[in-house]
Amino acid sequence: KAGVTQTPRYLIKTRGQQVTLSCSPISGHRSVSWYQQTPGQGLQFLFEYFSETQRNKGNFPGRFSGRQFSNSRSEMNVSTLELGDSALYLCASELLGRGATGGEQFFGPGTRLTVL
Amino acid sequence: QQQVKQSPQSLIVQKGGISIINCAYENTAFDYFPWYQQFPGKGPALLIAIRPDVSEKKEGRFTISFNKSAKQFSLHIMDSQPGDSATYFCAASYAGGTSYGKLTFGQGTILTVHP
Chain B
136 KAGVTQTPRY
146 LIKTRGQQVT
156 LSCSPISGHR
166 SVSWYQQTPG
176 QGLQFLFEYF
186 SETQRNKGNF
196 PGRFSGRQFS
206 NSRSEMNVST
216 LELGDSALYL
226 CASELLGRGA
236 TGGEQFFGPG
246 TRLTVL
Chain G
1388 QQQVKQSPQS
1398 LIVQKGGISI
1408 INCAYENTAF
1418 DYFPWYQQFP
1428 GKGPALLIAI
1438 RPDVSEKKEG
1448 RFTISFNKSA
1458 KQFSLHIMDS
1468 QPGDSATYFC
1478 AASYAGGTSY
1488 GKLTFGQGTI
1498 LTVHP
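Quick note, the sequences are listed as chains B and G, same order.
Per this note's numbering, residue 136 is the first one in the first sequence, and the count goes up by one each step.
Per this note's numbering, residue 1388 is the first one in the second sequence, and the count goes up by one each step.
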């Protein structure tokens, strides 16, 4: 079974631009979560989608948004990029979502975003 | 109350030795505790996980010990190998409410195993 895939793997943007990152979960997985990883703050939860609905959101500004499609693929968007948005953005897929049993999240390789 | 505190920040072990990484949590609602291993340039990979109804879980050279009363859990890597050199993260989550999909991570431990 193929793992979680993320595209693109690397991105360089300038301040003020916007960016869209894509995530394809493991086949059959319906929950997709997004995380930001930085050396200073570690791994921080952005949001989670299940059946095209955002069920949970972390403590990030409204410039960070996302969506999920009917095939469970997900995108996240960051508008008006700031230097501090430079990070590794990770998506993770889960079979049913934590509301049922489970809890096992499988991560993709991440998208390395650099904001200049 | 949502924090997970991990120690040490870095750890150096000789090949064949035991690596021990500790985590402590505050939120008693947490009921799922995974450990992740991350190599440079890769996403975190699920290593082993435990729920609070057991005090220990072993998978190969990796063991989680869980102390519910102390709100602590730890990862033991037996017979540590140079290939185990990576960053290890503990995490915690709980079902339902506003916790959907959210893993709360520790700050990570950089493990170096010398040959």
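Using N, Cα and C, we set each Cβ at its ideal position, and we do this for glycine too.
None of these values were measured; they are calculated from a predicted model.
query, result
"Any chain B beta carbon closer than 9 Å to G/GLN1396", "no"
"Residue closest to G/ILE1476, alpha-carbon to alpha-carbon, out of G/GLY1470, G/ASP1418, G/PHE1426, G/THR1415", "Residue 1476 of chain G is actually Phe in this sequence, not Ile. Minimum Cα distance to G/PHE1476 is reached at G/PHE1426."
"Counted within 10 angstroms of its Cβ, other Cβ atoms place G/SER1442 as buried (16 or more) or exposed", "exposed"
"Neighbour-count burial assignment, B/MET211, 16 or more Cβ in a 10 Å radius", "buried"
"Between the CA atoms of G/PRO1502 and B/THR236 - distance to the nearest angstrom", "Low local confidence applies: a pLDDT of 49 at B/THR236 is under 50, so the model's placement there is unreliable, and no value is given."
"Buried versus exposed, by CB contacts within 10 Å (16 or more), B/LEU251", "exposed"
"Closest by C-alpha distance to G/PHE1420, when choosing among G/GLN1468, G/GLY1430, G/LYS1489", "G/LYS1489"
"Neighbour flag for B/LEU225 against chain G, beta carbons, 9 Å", "yes"
"Per-residue DSSP class, three states only, for B/LEU181", "strand"
"Proximity to G/TYR1423 [Cα-Cα], best of G/PHE1417, G/THR1415, G/ALA1416, G/ALA1432", "G/ALA1432"
"Rounded distance between the beta-carbons of B/ARG144 and B/THR249, thought under 8 Å", "Between B/ARG144 and B/THR249 the Cβ distance is about 12 Å, and since that is not below 8 Å, they are no contact."
"Proximity winner among B/ASN191, B/SER221, B/PRO244, B/LEU231, relative to B/GLN152 (alpha-carbon distances)", "B/SER221"
"Check whether G/THR1496 and G/GLN1390 have beta carbons under 9 Å apart", "no"
"Exposure label - B/ARG198; buried when at least 16 CB within 10 Å", "exposed"
"DSSP state of G/SER1486 mapped onto helix, strand, coil", "helix"
"Interface flag, B/SER168 vs chain G, CB-CB below 9 Å", "yes"
"Closest by C-alpha distance to B/VAL167, when choosing among B/SER205, B/THR215, B/LEU216", "B/SER205"
"Whole-angstrom C-beta distance between B/LEU181 and B/TYR170, which should lie under 8 Å", "6 Å"
"Bounding residues of the beta strand (DSSP E) (the contiguous stretch that carries B/GLN141)", "140-142"
"Straight-line Cα distance separating G/GLU1413 from B/GLU217", "33 Å"
"Closer than 9 Å to chain G by CB, B/GLY243", "yes"
"Chain B within 9 Å of G/TYR1412, Cβ atoms only", "no"
"Neighbour-count burial assignment, B/PRO160, 16 or more Cβ in a 10 Å radius", "buried"
"Nearest to G/ILE1408 (by Cα), restricted to the options G/ASP1418, G/PHE1460, G/ASN1454, G/PRO1439", "G/PHE1460"
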